[in-house]
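What follows is a single structure, written as structure tokens, with notes after it.
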Amino acid sequence: MDPAAPPTAGSRGADFPPVLTAAMAAELLQVNVEYLRRMVREGRVPCHRFPGGRELRFLRDELLAWLAALPSGDQSSSSARTHQIDPVGT
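In case it helps, my numbering puts the sequence shown at residues 639 to 728.
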């Protein structure tokens, strides 16, 4: 492994606990937390809520599996549109 190469989500996953807050999950995925929340609202990313609450929790291994299953060329069907109109998504 090249020490100068940036860490991948898979290699960084070990640095995170099994259950993540929205901020931690955004850091793992290397996206803005508001962008992650929007993906949750759109049902595009696996997420869990406490009953009757607004708190979001993410399972680290579930997120890494979801990320690995994404098409490698285009990470989202709306990524081009999102990045053109939404600077928060990066």
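Glycine is no exception: its CB is placed at the ideal position from the N, C-alpha and C atoms.
For F696 against A663, the beta-carbon gap comes to about 4 angstroms, under 8 angstroms, which counts as contact. Around the C-beta of V683, 16 or more other C-beta atoms lie within 10 Å, and the residue is accordingly described as buried. Here R687 is not near P656, since their CB atoms are 8 angstroms or more apart. A check of alpha carbon separations from L658 across L702, P709, L708, A707 identifies L702 as the nearest. Checking the DSSP bridge columns, you'll see L666 has no partner listed. A direct Cα-Cα distance of roughly 21 angstroms separates L674 from G690. A straight line joining the alpha-carbon of A652 with that of L708 spans about 20 angstroms. CA-CA distance, L694 to C685, rounds to 7 angstroms.
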